[in-house]
Structures are given as C-alpha cells and as structure tokens.
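Q: Below are the structure tokens for one structure; questions will follow.
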Amino acid sequence: MTFEQTLARLEEIAAALDRDDLPLEQALTLFEEGIVRLREATAALSDAEGKVKTLLEQAGGVFEAKE
Amino acid sequence: MTVPGAVATDAITVAQLTNEAKAVLEGAFPKLWVKGEVSGLKIYPSGHWYFTLKDATSQIQCTVWKNSTFRIPAKPTEGMQVVALGQLGVWAAKGQMQFTVTAIEAEGEGLWKKQFDETRAALERAGLLDPARKRRLPRFPRTVAVITSTEGAALQDIKSVLRRRNPGVHIVVIPAVVQGEGAPESLGAALARLDRWVRGEAEWAGPAPEAPDVLIIGRGGGSREDLWAFNHELVARAIAACPVPTISAVGHETDVTIADLVADVRAATPSVAAETAVPVLDDVRLLVAKLGGVMADGLQDRIAVGARELQRRAEALSQRARRVVERRRARADQVVARLVQRAPQLIERRRALLRQWAGRIDALSPLAVLGRGFAVARGLDGAALGRRGAFAPGTIFDLLLQDGRVRATADSVHTDAPHLRRDVLK
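Listed in order, the protein sequences are those of chains A and B.
The opening residue of the first sequence carries number 0 in numbering that gives the first Met the number 0; numbering runs sequentially from there.
The opening residue of the second sequence carries number 0 in numbering that gives the first Met the number 0; numbering runs sequentially from there.
What follows is the structure, given as structure tokens:
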C-alpha cells in the first residue's frame with residue numbers, strides 16, 4: 000500500500016467510525032485496522048531525509064541515478 | 000600590372016569570378032532585413048530550407064541552413080508576407096545571388112502565433128487538450144521527478160521549495176536542454192526516459208530509485224524564443240503520454256505554452272509547481288493525527304451507543320421474561336385446579352375399565368374351564384399334556400381337577416375316543 004492509499008483508507012475508516020449505524024463488531028474490526036494504518040502512516044512521515052538524484056543515461060541505454 | 004581577366008590571355012575561371020563576386024557582395028551588404036512574399040518553399044532531407052522571396056518585379060533565392068531553422072517557429076506558407084533577416088551572397092554552384100536567412104518574421108501576428116495555433120489545433124484534433132484527460136495530482140507524492148536544465152535557476156527554486164515543505168520527499172532530476180537548437184528533442188528524450196523508468200523498462204547501473212508519483216517539467220523565465228521548445232508538438236505529445244501526472248511550469252505567470260495546455264496542472268512558475276506538487280509535511284502529520292482522533296472518538300461514541308442499546312434491551316428482556324413466567328404460572332394453576340376437580344371421575348372410569356378387563360381375562364384363563372368339570376393333564380415338569388403324543392404307556396402325570404389333583408399313570412394310548420367320532424379316517 001502506498002502512503003496515499005494508506006491515508007485514503009484511514010480517511011475511509013474514520014468516516015465509517017464516525018457513523019452511529021455501524022455494527023459494533025464491525026466498528027471494532029475497523030478500529031483495529033485503523034490503528035495498523037495509523038502506525039504505517041506515522042512511520043512513513045518520519046524525519047528521514049529525502050534524496051536528490053540525477054537520472055543519467057549511459058552509453059548503451061543503461062540508467063544511473065547519481066546523487 | 001593588369002587586373003586579372005583584363006585580357007583574353009589572362010582569363011579567370013568561373014569559380015574565381017563567383018568567389019570574387021561573393022566576397023564583394025558580402026563586404027558591401029551587412030546582415031539586413033528584407034521584406035517580400037514567400038514562394039516555393041522546399042525542405043530538403045538535409046534539413047536546409049530553400050525558397051524564393053519576391054515582390055511585383057523582383058525575386059531573390061533564399062536559403063535557411065538547418066542549424067538556423069530552429070529559430071524560425073513555423074514554416075512560412077506560400078504567398079505569406081514576411082521579413083527575413085539574412086546575408087546577401089552568391090551561390091557559386093548556380094551562379095546566382097543568394098540570400099542566406101537566419102530569422103523570419105511574419106507581418107501581423109507573426110509566425111510564432113501561427114505555429115502556436117497550428118500545434119494547438121493539431122493537439123485539439125488528437126483530443127489531447129480535452130479537459131477530461133486532466134489527471135488528479137497525487138496528494139502525497141514520495142518521489143517527484145523534475146525535467147529541466149541543471150543550469151537554470153528553476154531547478155534550484157523547485158528543490159528548495161520541495162525541501163522546505165517536505166524534507167522527506169525524494170527528488171529525481173532528469174536533465175534536459177530547455178532552449179536553443181535540439182531543445183525539443185532533448186525534452187522529448189527526458190520524457191522518454193521517465194516513461195521507461197516508470198514502466199520498469201529501464202536497465203539500471205545500481206539500484207533504481209522509487210518510481211515518481213508526479214512530474215514537474217519546465218524552466219525559468221526567458222524570451223519567447225527561449226521558451227519556444229515548450230510549444231513544440233513533440234514535447235506536448237510526450238507530456239500528454241507521460242505515465243504520471245504532470246505539472247508544467249514554464250517562464251512567468253504571463254507565459255502560456257502548449258506544454259501548459261497539455262499538462263495536468265499548469266503552475267505559473269517553477270516555485271509554484273513545487274508548492275503544488277507536495278503538501279507541507281507538518282500539515283500531513285496533523286491530518287494523520289486528526290484521523291486517529293476521529294477514529295478513537297468514533298469508536299468511543301459507538302461503544303457508548305452500544306452500551307445504551309444493550310441496557311435498553313436487557314430491561315426490555317427482563318420485563319418480557321417476567322410477563323412470560325407469570326402467564327405460564329397462571330396456566331399451570333388452571334390445569335391443576337381442573338385436574339383436582341375431575342380426579343374422582345377419572346379414577347372411577349379407570350376402575351370400571353380395569354374390572355372389564357379383569358373379567359375378560361378370567362374368561363380366557365384355561366383354569367376357568369376346570370370349574371365347568373373339565374380336567375387338565377400336566378406332566379411332572381408342570382407342562383400341560385394336551386396331545387396324544389405327550390403320553391406313552393407308563394407315563395406318570397397329574398390330572399388337575401377343579402378341587403384337587405390326581406397322580407395317574409397312562410395305561411395305554413389310543414387314537415379313538417368318543418369326542419372324535421367324526422375322526423374315522425384315522
């Protein structure tokens with residue numbers, strides 16, 4: 000799952016839990032999944048430094064991503 | 000000393016003549032603008048252009064060398080009134096005067112406008128300007144590809160804005176020549192590289208970077224000529240075919256290029272493109288935290304609602320149970336009362352039945368016949384001896400009578416007897 004998909008799923012779950020007509024059993028299952036997704040999303044938002052690379056094409060058509 | 004060619008014995012060659020004429024003409028005329036009507040434009044496989052510039056009474060042969068053609072946005076059409084910048088000379092091979100053109104401007108709106116409109120119309124026909132084609136940009140890209148010149152200020156702007164907003168975003172620059180000769184081809188090649196990268200068709204020396212979620216393509220401000228590569232159909236088509244959503248950022252706010260029309264989103268400047276491409280990291284963190292809160296609140300509310308519901312049901316249930324028990328108890332009381340009431344009657348009916356049955360059993364009992372004067376023979380083992388075969392001469396048996404027993408010994412066994420008179424067949 001990409002970060003984008005994870006966040007979209009989180010929004011879906013939050014919206015579902017915000018409704019009162021969801022069966023409790025289902026609400027608990029969704030909440031559990033939501034916690035997992037929340038952890039994933041938070042981990043993806045760590046302070047890791049993004050890289051800047053330059054894509055070069057060597058002779059023979061081989062690609063290289065140079066920092 | 001005579002001038003060469005002054006006398007027959009001192010004739011010069013044709014080449015000498017034309018070369019001399021060329022030198023004289025080029026020396027006499029600086030580069031200048033000439034206006035006239037274009038006629039007979041031919042483009043040779045070599046890439047050079049040839050045409051005639053003429054007016055009512057005169058004409059001059061014109062050449063545009065291939066390496067000058069990129070400065071001319073569009074091919075002039077037959078009969079078009081233009082002004083051409085060039086150098087007058089001699090075409091030795093034909094012995095003709097020749098005007099070597101390096102720039103052409105149409106009168107009125109100009110060739111730039113003409114080419115822009117033509118390209119735009121071609122793309123429109125191909126359906127590439129359809130607003131329905133515009134893709135939504137990813138909300139949270141992890142990798143941003145940037146196609147621009149590595150020398151321009153645009154790249155620095157884009158990098159610093161992306162970094163400021165989200166230090167975790169990866170940036171992959173695909174360098175391209177963005178102006179001058181070969182710029183459209185260079186931009187096209189960069190887009191082709193991006194395509195191969197995203198489609199996983201590229202071979203990599205070393206690890207391949209994570210595929211980009213979005214592309215920024217553009218350059219900083221410049222003259223109309225500098226930006227012209229972004230009006231090229233080749234570039235426009237490559238942007239339209241880009242496998243990831245595209246943001247164009249060419250020049251300043253007021254510059255609108257064909258690339259801008261084709262891209263999914265047009266940004267006024269490279270910095271704006273970077274702002275459009277990625278959200279601020281802290282905003283995303285806030286959003287994630289908020290979603291966590293909404294989820295927790297939602298569940299808590301849901302549980303509270305569930306608990307209330309449960310309580311309500313439990314109460315309803317206990318009330319119903321009480322009612323059911325009461326109803327059953329009342330019914331049981333009724334049944335018992337009726338039973339008590341009817342008991343003597345029932346018992347009497349049972350007794351009568353019993354008597355009836357007892358009488359019937361009595362009548363069927365073998366012992367009952369003894370009372371009527373009959374006797375029953377019984378072996379010493381107690382078995383009834385009802386048939387002739389049970390006896391043999393000397394068999395000891397008991398004869399049971401209604402008032403006692405006679406121990407007897409069989410004397411002899413016969414088949415004839417008074418009660419079997421009909422049995423004469425034996």
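For every residue, glycine included, the Cβ atom is placed at its ideal position computed from N, Cα and C.
So does the region 142–151 of chain B actually touch the region 190–210 of chain B, counting three or more Cβ pairs closer than 8 Å?
A: The region 142–151 of chain B, when compared against the region 190–210 of chain B, does touch it at the 8 Å Cβ threshold.
Q: Among the candidates B/R301, B/E232, B/I395, B/R326, whose CA atom is the shortest distance from the CA of B/G378?
A: It is B/I395 whose Cα lies nearest to the Cα of B/G378.
Q: Would you tell me roughly how many angstroms separate the C-alpha atoms of B/P166 and B/P75, rounded to the nearest one?
A: Roughly 50 Å between the two C-alpha positions.
Q: Mapping DSSP to helix, strand and coil, what is B/G372?
A: If DSSP states are grouped into helix, strand and coil, B/G372 belongs with coil.
Q: Count the other CB atoms within 10 Å of the CB of B/K425; is the residue buried (16 or more) or exposed (fewer)?
A: Note on B/K425: pLDDT 43, under 50, position unreliable in the model; no value is reported.
Q: Using alpha carbons as the reference points, say which of B/C241, B/I238, B/A272, B/A239 lies closest to B/H251.
A: With distances taken between Cα atoms, B/H251 lies closest to B/A272.
Q: Spatial neighbours of B/D225 within its chain, please: CB distance less than 6 Å, with the 5 preceding and 5 following residues excluded, ordered by chain position.
A: These residues qualify, in order along the chain: Q178.
Q: Determine the DSSP secondary structure at B/V177, reduced to helix, strand or coil.
A: If DSSP states are grouped into helix, strand and coil, B/V177 belongs with coil.
Q: From the DSSP output, in three-state form, read off B/A383 for me.
A: The answer is strand: DSSP assigns B/A383 an E or B state.
Q: Can you pull the chain A residues whose beta carbon is under 9 Å from the beta carbon of B/G167, in chain order?
A: Residues of chain A passing the Cβ test: A43, L44, S45, D46, A47, E48, G49.
Q: Beta-carbon of A/A58 versus every beta-carbon of chain B: anything under 8 Å?
A: Chain B, which has no Cβ nearer than 8 Å to the Cβ of A/A58, makes this no.
Q: Helix, strand or coil: how does DSSP classify B/I103 here?
A: Strand.
Q: Please decide whether B/W64 counts as near chain C, where near means a Cβ-Cβ distance under 8 Å.
A: Looking at the structure shown, chain C is missing, and the protein chains on hand are A and B.
Q: Since B/P183 contacts B/V249 with CB under 8 Å, what's their CB separation in whole angstroms?
A: Contact flag wrong, Cβ pair sits at about 13 Å.
Q: Whole angstroms are fine: how far does the CA of A/A43 sit from the CA of B/D263?
A: If you take the alpha carbons of B/D263 and A/A43, they lie about 27 Å apart.
Q: Which runs of the alpha helix (DSSP H) spanning at least 4 residues fall entirely within the region 255–303 of chain B, listed in chain order?
A: Within the region 255–303 of chain B, the complete alpha helix (DSSP H) runs of at least 4 residues are 257–261, 269–276.
Q: Can you tell me whether DSSP reads B/G70 as helix, strand or coil?
A: At residue 70 of chain B the sequence reads Arg, which differs from the Gly that was named. Note: B/R70 maps to coil in three-state DSSP.
Q: Check whether the Cβ atoms of B/P174 and A/T53 lie closer than 8 Å to each other.
A: Yes.
Q: Name, please, each residue of chain B whose Cβ falls closer than 9 Å to the Cβ of A/T68.
A: As displayed, chain A neither begins before 0 nor continues past 66, which places residue 68 of chain A out of reach and without an answer.
Q: Please identify the residue among B/A14, B/D402, B/V243, B/A315 whose C-alpha is closest to the C-alpha of B/G370.
A: Closest option to B/G370, Cα to Cα, is B/D402.
Q: Got a sec? Which residues, its chain only, sit under 8 Å from B/V324 by beta carbon, not counting five neighbours each side?
A: Same-chain partners within the cutoff: there are none.
Q: Can you list, in chain order, the residues of its chain whose CB lies under 6 Å from that of B/G46, leaving out five sequence neighbours each side?
A: Result list for B/G46: K65, in chain order.
Q: Any idea if B/D9 is buried or exposed, counting beta-carbon neighbours within 10 angstroms, 16 or more meaning buried?
A: Label assigned to B/D9: exposed.
Q: Expressed to the nearest angstrom, what Euclidean distance is found between the alpha-carbon atoms of B/T56 and B/Q80?
A: The straight-line gap from Cα to Cα measures roughly 15 Å.
Q: From what residue to what residue does the beta strand (DSSP E) around B/L87 run?
A: Segment 80–90, the beta strand (DSSP E) holding B/L87.
Q: By the DSSP assignment, the beta strand (DSSP E) with A/L27 in it spans what residues?
A: No beta strand (DSSP E) holds A/L27; the alpha helix (DSSP H) holding it covers 23–43.
Q: Identify the continuous alpha helix (DSSP H) that holds A/F2 and give its terminal residues.
A: Where A/F2 is concerned, the enclosing alpha helix (DSSP H) stretches over 2–16.
Q: For B/V304 and chain A, any beta-carbon pair shorter than 8 Å?
A: So, interface residue.
Q: Considering only the beta carbon of each residue, do B/A288 and B/T275 sit closer than 8 Å?
A: Taking 8 Å as the Cβ cut-off, B/A288 and B/T275 do not qualify as a contacting pair.
Q: Please name the residue, chosen from B/R135, B/I216, B/L128, B/D129, that lies closest to B/G151 on a Cα-to-Cα basis.
A: Selected option, being the one with the closest Cα: B/I216.
Q: Give the residues from the region 282–303 of chain B that approach chain A closer than 9 Å (Cβ to any Cβ), ordered along the chain.
A: Of all residues in the region 282–303 of chain B, V283, R284, L286, V287, A288, K289, L290, G291, G292, V293, M294, A295, D296, G297, L298, D300, R301, I302 have a Cβ within less than 9 Å of some Cβ in chain A.
Q: When DSSP labels each residue in this structure, what does B/V13 get in the three-state scheme?
A: Note: B/V13 maps to helix in three-state DSSP.
Q: So that I know if they touch, is there some Cβ in chain B lying closer than 8 Å to that of A/V35?
A: No, no contact with chain B.
Q: Using 10 angstroms around the beta-carbon of A/L37, count the other beta-carbons present and answer buried if the total reaches 16, otherwise exposed.
A: Buried, because 16 or more other Cβ atoms sit within 10 Å of the Cβ of A/L37.
Q: Counting only Cβ-Cβ distances shorter than 9 Å, please list the residues of the region 190–203 of chain B near chain A, keeping chain order.
A: If the cut-off is 9 Å between Cβ atoms, the region 190–203 of chain B has R192, L193, R195, W196, A201, E202, W203 near chain A.
Q: Got a sec? Which residues, its chain only, sit under 7 Å from B/P137 by beta carbon, not counting five neighbours each side?
A: These residues qualify, in order along the chain: D212, V213, P244.
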